[in-house]
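Just so we're aligned, residue 0 is where the sequence shown starts under numbering that gives the first Met the number 0, counting upward by one.
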Amino acid sequence: MKVYIGDSAIIAAMAADRYAELLKNKPNAILGLATGSTPLGLYAELGRRCSAGEITFKSVRSFNLDEYVGLDGTHDQSYRYFMNENLFKYIDIDIAATRVPSGIDIAAAAAYDDEIEKAGGIDLQLLGIGNNGHIGFNEPGTPFGSRTHLVDLTESTRIANARFFSSIDEVPTQAVTMGIRTVMNARKIILMAIGSAKAPIIAATINGEVTPEVPASVLQLHPDVEVYLDQEAASLL
Ligand code: PGA
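This is the structure we're talking about:
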């Protein structure tokens with residue numbers, strides 16, 4: 000793993016440079032995208048560069064990591080809605096070429112990995128990380144060989160995400176997520192983390208044992224992972 004540390008604007012710009020390089024070399028790249036607060040700076044930077052004519056997503060296809068069960072794409076806490084509002088409306092991607100797992104048609108999850116493979120496989124997968132080490136919604140204990148599947152969310156994840164809902168009772172209890180193997184099949188992976196709350200899990204991910212109890216630790220086994228951290232997230236390395 001290559002680790003880059005800087006303030007949040009710098010790491011957003013550095014990560015955006017990786018996208019610019021990829022899109023220059025492969026305009027029809029397949030992107031694996033993530034939700035959460037961490038990628039917002041990167042998404043703003045990609046929107047800025049696209050508006051400035053520096054990059055184009057016209058031929059890009061995308062597959063998102065995960066979606067809450069029970070929320071359709073018009074729900075303002077669905078991840079489809081998040082992607083439309085925080086990235087897709089600011090770039091020139093064809094919205095029909097963007098995929099987010101369905102939170103309503105759960106059976107469709109079984110075909111998600113095949114769709115990714117048919118599209119040619121993910122060139123660049125973006126990841127945030129949960130305080131418990133989850134990537135996507137692959138909670139601790141998820142087998143490394145997992146494909147896109149239905150998961151029960153842990154209490155800690157529901158509590159962490161309750162800030163976006165009016166009460167914890169409204170936070171869905173299940174999600175559909177790409178599996179660990181789905182993520183590891185990407186040709187390149189960028190993991191981003193911001194803030195001191197992520198420092199312990201970042202240290203465990205990068206320097207700890209590779210174990211399903213820390214799902215992100217599996218990234219140590221991938222040949223091309225870049226990690227972008229602010230100083231707080233990097234403070235225990
Ligand atoms: P965050 O979420 O970017 O909002 O911290 C990351 C995650 O839970 O995967």
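By construction, the Cβ of each residue, glycine as well, lies at the ideal position given by its N, Cα and C atoms.
message: In the DSSP output, which residue or residues are listed as bridge partners for residue 3?
response: In DSSP, residue 3 forms a bridge with 227.
- prompt: Sorted by chain position, which residues of the same chain lie with C-beta nearer than 6 Å to residue 103's C-beta, five sequence neighbours on each side aside?
  reply: Take residue 103, set aside five residues on each side of it, and the residues of its chain with a beta-carbon closer than 6 Å to its own are 71, in chain order.
query: With respect to 8 Å, is the separation between the Cβ of residue 159 and the closest non-hydrogen atom of ligand 3 below this value?
result: The model on display carries ligand 1 but not ligand 3.
- request: With residue 123 as the anchor, note down where its beta strand (DSSP E) starts and where it stops.
  value: Residue 123 -> beta strand (DSSP E) spans 123–126.
query: Got a sec? Which residues, its chain only, sit under 7 Å from residue 105 by beta carbon, not counting five neighbours each side?
result: The beta carbon of residue 105 sits closer than 7 Å to the beta carbons of 68, 149, 175 from its chain, once the five residues preceding and following it are set aside; these are given in chain order.
query: Quick one: does the C-beta of residue 40 sit closer than 8 Å to a heavy atom of ligand 1?
result: No, the beta carbon of residue 40 sits no closer than 8 Å to any heavy atom of ligand 1.
- prompt: What is the DSSP secondary structure of residue 174, reduced to helix, strand or coil?
  reply: Collapsing the DSSP output to three states places residue 174 in a strand.
message: Can you tell me whether residue 194 is helix, strand or coil according to DSSP?
response: Residue 194 carries a coil assignment under DSSP once its states are collapsed to helix, strand and coil.
- prompt: Which residue's Cα is closest to the Cα of residue 52: 33, 19, 65, 13?
  reply: Of the listed residues, the one whose Cα sits closest to residue 52 is 19.
Neighbour-count burial assignment, residue 197, 16 or more Cβ in a 10 Å radius: Buried is the label assigned to residue 197, since at least 16 other Cβ atoms lie within 10 Å of its Cβ.
Segments assigned alpha helix (DSSP H), at least 4 residues, entirely inside the stretch 3–52: Runs of the alpha helix (DSSP H) inside the stretch 3–52: 7–24, 39–50.
- prompt: Is residue 128 near ligand 1, going by C-beta to nearest heavy atom under 8 Å?
  reply: Yes - ligand 1 has a heavy atom lying nearer than 8 Å to the Cβ of residue 128.
Buried versus exposed, by CB contacts within 10 Å (16 or more), residue 95: Exposed.
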